[in-house]
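First to last, the sequence lines map onto chains A, B and C.
For the first sequence, the numbering used here begins at -2 and goes up steadily by one.
For the second sequence, the numbering used here begins at -2 and goes up steadily by one.
For the third sequence, the numbering used here begins at -2 and goes up steadily by one.
Data block below; observations after.
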Amino acid sequence: MTVYSMENPLFVAYAIAAAIMVLKIMGQGWVTVYRMTKSEAGLLNPEDLLPGPANRNPHPAQLEPSDYVERSRRIHRNDLENIPAFLAIGLLFVAVEPPFWLGSALMTIFVAARLVHTVVYTTGQRHEVRATPYTIGSVIVIFMAAYVLVAALFFR
Amino acid sequence: MTVYSMENPLFVAYAIAAAIMVLKIMGQGWVTVYRMTKSEAGLLNPEDLLPGPANRNPHPAQLEPSDYVERSRRIHRNDLENIPAFLAIGLLFVAVEPPFWLGSALMTIFVAARLVHTVVYTTGQRHEVRATPYTIGSVIVIFMAAYVLVAALFFR
Amino acid sequence: MTVYSMENPLFVAYAIAAAIMVLKIMGQGWVTVYRMTKSEAGLLNPEDLLPGPANRNPHPAQLEPSDYVERSRRIHRNDLENIPAFLAIGLLFVAVEPPFWLGSALMTIFVAARLVHTVVYTTGQRHEVRATPYTIGSVIVIFMAAYVLVAALFFR
Chain A
-2 MTVYSMENPL FVAYAIAAAI MVLKIMGQGW VTVYRMTKSE AGLLNPEDLL PGPANRNPHP
58 AQLEPSDYVE RSRRIHRNDL ENIPAFLAIG LLFVAVEPPF WLGSALMTIF VAARLVHTVV
118 YTTGQRHEVR ATPYTIGSVI VIFMAAYVLV AALFFR
Chain B
-2 MTVYSMENPL FVAYAIAAAI MVLKIMGQGW VTVYRMTKSE AGLLNPEDLL PGPANRNPHP
58 AQLEPSDYVE RSRRIHRNDL ENIPAFLAIG LLFVAVEPPF WLGSALMTIF VAARLVHTVV
118 YTTGQRHEVR ATPYTIGSVI VIFMAAYVLV AALFFR
Chain C
-2 MTVYSMENPL FVAYAIAAAI MVLKIMGQGW VTVYRMTKSE AGLLNPEDLL PGPANRNPHP
58 AQLEPSDYVE RSRRIHRNDL ENIPAFLAIG LLFVAVEPPF WLGSALMTIF VAARLVHTVV
118 YTTGQRHEVR ATPYTIGSVI VIFMAAYVLV AALFFR
C-alpha cells in the first residue's frame, strides 16, 4: 500500500493541515488588498496612482510605506518563511510513517501556532508574545525535518 | 493503484502545470539579474560595489532602489505568495480525485493567469488590469484548498 | 510499485535533500533572530520597542535598517526564491524516474550549492563568487523542470 492515499489517516491529517495553511497564505494576500483599499495607502507601483475604480482619489503619498498595510505584508512574509517548508516536510513526514498520534499532533499544533501567530501579529502584541507561536511552529518543522533525515539515512 | 503515477492523467496534468510554474519562478530571478546588469542599478549588497566583470563602473547610487529592477522583485514576490501554495494544494487536489476535466481546467487556467499576470505587471498596466489575473489565480487556489479540505474531512 | 516509497532509492535521496533544505530555510530565520538580538537592531515593528526581556534598552533607531540583520533577511529571501521550487520539482523529478545517478547527483549538487551560497553571502564575498552557487542551483532546478515537462508531455 502507498502512504499517499486517502486511506492513510496521517495523509488525510496532512491534507487537512496543508489545506488550512494554504488558505492562510492566500487569505493574507486579500488582507493586504483590503487594507490597501480601505486606507488608500501602501501602494507599490507608480501605475497604481492612475485614477480608476480601485483608486478614486490618487495622490503620490499613497506610494509611501504605511504600517497598516506593511504589517499585513510582514505577516505574509513570515508565513512564506515557514509554511512552504512545513508543506514540503509534512508530506515527507507522512512517508516515513511516524506514529499517527505524533504526526497528527505535530501538524495540529503547527496549524494552531501559525493561526495564533497571525492574530498576535495583526493585533500588535509585544515581541515576546509574538515569538511564542513563531517558535512553536519553527521547532515543529525543524523536528519533522530532523525526523525525516534520520529515518531516510538510517532506518530504511 | 496510486494516484501519484504518470499513468494518472490528472497527475500528469499537475506535473506539466507545476513544471511551467517552477520555470516561471526561476525565470523571474534571471529577469532581475538581467535588469540589474543592463541598468547597472538596484543592487542590494555593499560588496556588489567592488569593481569586476559584473560591475565595471561601480558607484554608490547603484544601491538605491531602482523601479526597473524592483518591479521584477515585486513580480517575483507576488509569484512566491501564490505559486508555492498552488504547488502544494495541486498535489493534494490530485489525491482527492476530482473529475479530470475540473482538475485539468483549474490547473490550466491558474498557469495562464499567472503568466498573464507577469506580462501585465512587467508592462505596467493599470491596477484593475493587474488585479484580474491575480484574482483568478488566487480564487483557483482557494477553491482547490476548500475542495481538498471538504474531501478530507467528509468524503474519505 | 509506487515511486513515492522509502524503498525507492531516489525518493530517499529526495527526502534527504529536502530535509536538509528545510533545515536551511528554518535555520536562516533563527540567524535573523540571533542577529537582531545580538546587535539590538533591525527590528521591524513599532511594538518591538516595548521594553522587555527581548529588548532591555529600546530606542527608535532600532527600527532603522541594519545591514547585519538585513543581510540575513536577503539570504532568507534568496532561499525562498529557490528552495520551494526545488522541493516541488524534485518530488516530480522522482515521479518521472530519471536514472538514479542523475537524480541523486543533481539533488546533491543543488544542496551543496545552496549551502555554499549561504556561506558566501554571509561572509560578504564579491558578487561574482556569490553568483556561482546561485547559478548552479538555479540551472539545476530549471533542468529538472524541463526534464519533468518533456517527460510528462512526450514519454508517458
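Note that beta-carbon positions come from the ideal geometry of N, C-alpha and C, so glycine has one too.
Values in this document were obtained by computation on a predicted structure and should not be read as measured data.
Selection of the region 8 to 35 of chain C by Cβ proximity to chain B, strictly under 9 Å: none
Contact set between C:Met3 and chain A, taken where Cβ atoms lie within less than 9 Å: Val0, Ala92, Val93, Glu94, Ala148, Ala149, Phe152 and Arg153
Coarse secondary structure for B:Asn52, derived from DSSP in three states: strand
Close Cβ partners of C:Thr29 (< 7 Å) along its chain, the five nearest in sequence each way excluded: Val66, Ser69, Arg70 and His73
Three CB pairs or more closer than 8 Å across the region 127 to 139 of chain C and the region 73 to 87 of chain C: yes
Spatially closest choice to C:Ala51 from A:Gly49, A:Ile106, A:Asn42 and A:Glu125, by CA coordinates: A:Glu125
C:Gln25, DSSP secondary structure in three states: helix
Residue environment, B:Val19, which counts as buried when at least 16 other CB atoms sit within 10 Å: buried
Minimum Cβ-Cβ distance from C:Pro62 to chain A less than 8 Å: no
7 Å CB neighbourhood of A:Val145 in its chain, flanking five on each side removed: Ile86, Leu89, Phe90 and Val93
CA-to-CA distance, A:Ser101 to A:Val9, given in whole angstroms: 9 Å
Collapsed DSSP secondary structure at B:Ser63 in the structure displayed: coil
C-beta neighbour in chain B for A:Leu47, strict 8 Å: yes
Per-residue burial, C:Thr120 [other beta carbons within 10 Å of its own, 16 or more giving buried]: exposed
Residue span of the alpha helix (DSSP H) that contains B:Tyr131, given as start and end: His124 to Phe151
Residues near C:Thr115 by beta carbon distance below 8 Å, same chain, minus five either side: Lys21, Gln25, Ile72 and Asp76
Of the listed residues A:Leu7, A:Ala14, A:Leu103 and A:Glu37, nearest to A:Ser63 (C-alpha basis): A:Glu37
DSSP-derived helix/strand/coil call for B:Ser2: coil
Option nearest C:Val147 by Cα separation, candidates B:Ala14, B:Arg127, B:Tyr1 and B:Pro55: B:Ala14
Chain A contact for B:Ile86 (CB, 8 Å cutoff): yes
Min CB distance A:His73 to chain D below 8 Å: No chain D appears in the structure shown, which is made up of the protein chains A, B and C.
For A:Pro95 and A:Ile106, the rounded distance between their alpha carbons: 16 Å
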